[in-house]
Amino acid sequence: NERDDPISVHLFALNEKKWKNLRAKLTPTFTSGKMRMMFHTVLETSKYMTDAIETSALERKDIDIREFLSCFTTDVIGSCAFGIECNSFKGTEAEFRHMGREIFAVRGLRILNLILISKMPRLALKLGLKANNDHVSKFFYEVVQKSIKYREDNNFTRPDFLQLLIDIKNQTKDTENPFTMDQLVSQVFVFFVAGFDTSSSTMNFTLYELCKHQDVQDRVREEVNEVLERHGGQFTYESIGELKYLQQVIDEAQRLFPPLVVLTRVCVKDYKLRNTDLVLEKGTRVVIPLYSIHRDPEYYPEPDKFDPERFNSENKKSRHPFVHLPFGEGPRNCIGLRFGLMQSKIGLATILSKFRLRISPKTDMPLRLHEGVLLLQSVNKLYVTAEKI
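Here my numbering runs 10 ahead of the position in the sequence shown, where the first position is 1.
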């Protein structure tokens with residue numbers, strides 16, 4: 011709803027033609043070269059997290075690891091998307107984190123609004139319904155505008171997502187499909203929304219399994235140390251790409267705990283299902299039950315068992331690629347896949363290179379999952395103890 015909700019002009023919300031034009035403009039911002047550009051920002055931010063963990067370890071405190079991971083991802087997004095230092099580990103409640111919780115706090119009339127926007131978009135448009143509260147829209151619009159103004163007034167550039175979007179806006183000469191300020195702010199907003207909870211949740215569930223399986227944690231740490239040794243003791247963009255076993259561990263954690271419980275798609279043309287007489291007509295909404303597919307014993311024997319070997323190269327080749335969809339698939343897959351994985355691998359590798367984590371007795375085991383939510387989260391907190399290595 012561009013008229014009433016200016017930060018809704020993002021990839022998650024646009025129809026086919028507008029989406030295609032915008033996706034084509036944004037795809038170059040997520041190439042490996044652009045990820046390399048933002049690598050050091052993410053790595054520097056991870057040091058604040060490991061410093062905070064070390065302080066808690068020295069004081070023998072139980073660590074709410076999800077809280078630490080959320081601070082990490084908030085600071086990464088604040089820096090890479092807005093060019094702002096959030097300082098989440100300094101004990102103050104970052105306004106970005108408050109806004110993030112506000113966005114995901116679906117209650118009252120907003121529930122009805124979101125249902126109507128999803129199920130009856132034309133009616134929602136006529137009624138002027140908005141996906142976001144006015145003060146949330148105002149906050150993000152003002153933050154982005156202030157950051158852009160500062161850069162323009164001071165001839166200042168920075169290797170981050172916001173700068174890439176500013177460059178797209180300034181370089182776009184397509185008068186029929188211009189890259190507007192509303193579109194720019196909307197992409198920054200959705201980058202924040204997409205990264206606020208998903209990466210921290212993935213890392214949280216990964217560490218949960220690594221705490222339960224100390225042998226796997228040891229193997230990941232051994233791989234991290236071997237890679238560090240090959241790169242002079244420093245994490246580099248190339249070294250993160252060499253963490254193959256860590257990638258298997260993340261893949262398996264995302265199988266058991268996919269960030270999204272379901273994916274929804276809409277048929278853009280009639281489609282006849284293979285070997286059946288069933289036709290999905292154009293406009294039909296399709297719901298893909300990710301959580302159920304990921305735990306289907308037909309594809310994953312002993313589906314509730316944590317086993318990273320499911321994702322070694324040989325086993326991956328033996329399965330249909332679409333039975334593991336943590337980032338979706340096809341042209342509408344997650345455009346930020348590379349960034350999300352880079353952030354998760356940096357966060358996990360920097361923690362495991364310095365600490366052995368164990369589940370604290372304070373944790374109510376096993377972790378229980380929220381029911382009836384789109385973004386998968388645990389009901390109870392994961393408390394860990396950290397031993398410096």
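Every residue, glycine too, gets a C-beta built ideally from N, C-alpha and C. If you're wondering where the values come from, they're calculated on a predicted model, not measured in any experiment.
Outcome for residue i when other beta-carbon atoms lying within 10 angstroms are tallied against a minimum of 16
i: ASP76; result: The amino acid occupying residue 76 in the given sequence is Arg; Asp does not appear at that position. ARG76 should be labelled buried.
i: ARG378; result: exposed
i: SER211; result: buried
i: LEU53; result: buried
i: ARG231; result: buried
i: ILE176; result: buried
i: ASP61; result: exposed
i: ILE399; result: exposed
i: THR286; result: exposed
i: LEU266; result: buried
i: VAL389; result: exposed
i: LEU270; result: buried
i: ALA34; result: exposed
i: PRO376; result: exposed
i: SER328; result: exposed
i: VAL237; result: buried
i: ARG132; result: exposed
i: ARG70; result: exposed
i: HIS20; result: buried
Span of the beta strand (DSSP E), counted from its first residue to its last, around residue i
i: PHE365; result: 365-369
i: GLU397; result: 393-398
i: ARG161; result: Where ARG161 is concerned, there is no enclosing beta strand (DSSP E), although the alpha helix (DSSP H) it sits in stretches over 144-163.
Run of the alpha helix (DSSP H) containing residue i, from where it starts to where it stops
i: GLU262; result: 254-266
i: LEU300; result: 300-304
i: VAL200; result: 191-222
i: LEU270; result: LEU270 -> no alpha helix (DSSP H), and no H or E assigned at all.
i: LYS326; result: 323-327
i: ARG348; result: 347-362
i: ASP177; result: 171-181
Contact under 8 Å by Cβ, residue i with residue j
i: VAL200; j: TYR151; result: no
i: GLY339; j: PHE332; result: For the sequence presented, residue 339 should be read as Glu rather than Gly. Yes, Cβ-Cβ distance for GLU339 and PHE332 is below 8 Å.
i: LEU253; j: GLU239; result: no
i: TYR218; j: PRO318; result: no
i: ILE178; j: PHE189; result: yes
i: PRO299; j: LEU386; result: no
i: ILE63; j: PHE245; result: no
i: LEU358; j: GLN197; result: no
i: GLN227; j: LEU68; result: no
i: THR51; j: CYS96; result: no
i: THR409; j: GLN353; result: Beyond the ends of the chain as shown, which are 11 and 399, falls residue 409; an answer cannot be given.
i: GLN193; j: LEU32; result: yes
i: HIS304; j: HIS334; result: yes
i: PHE99; j: VAL154; result: no
i: VAL289; j: LYS282; result: yes
i: LEU174; j: SER157; result: no
i: GLN276; j: GLY293; result: Here residue 276 turns out to be Val, not Gln, going by the sequence shown. The answer is yes: Cβ separation under 8 Å.
i: PHE74; j: LYS364; result: Before going further, note that residue 74 is Asp rather than Phe in the sequence given. Cβ atoms of ASP74 and LYS364: not closer than 8 Å.
i: ASP72; j: TYR301; result: no
i: VAL86; j: MET109; result: no
i: ASP170; j: MET48; result: yes
i: MET213; j: LEU79; result: yes
i: THR360; j: SER56; result: yes
i: HIS223; j: PHE321; result: no
i: GLY350; j: THR208; result: yes
i: ALA396; j: SER18; result: no
i: CYS81; j: MET59; result: yes
Closer than 7 Å: residue i CB and nearest the ligand SAH heavy atom
i: MET47; result: Among the ligands in the structure shown, none appear at all, so the ligand SAH cannot be discussed.
Check your understanding: Would you call the stretch 346-364 and the stretch 195-206 touching, i.e. three or more CB-CB distances under 8 Å?
Key -> yes
Can at least three beta-carbon pairs, one atom from the stretch 303-316 and one from the stretch 240-249, be found at a separation below 8 Å? no
task: May I have a chain-ordered list of the alpha helix (DSSP H) segments no shorter than 4 residues that lie completely inside the stretch 14-87?
output: 26-36, 42-68
List, from N- to C-terminal side, the alpha helix (DSSP H) runs of 4 residues or more that fit wholly inside the stretch 227-251. 247-251
- At least 3 beta-carbon pairs within less than 8 Å: the stretch 361-377 vs the stretch 258-266: no
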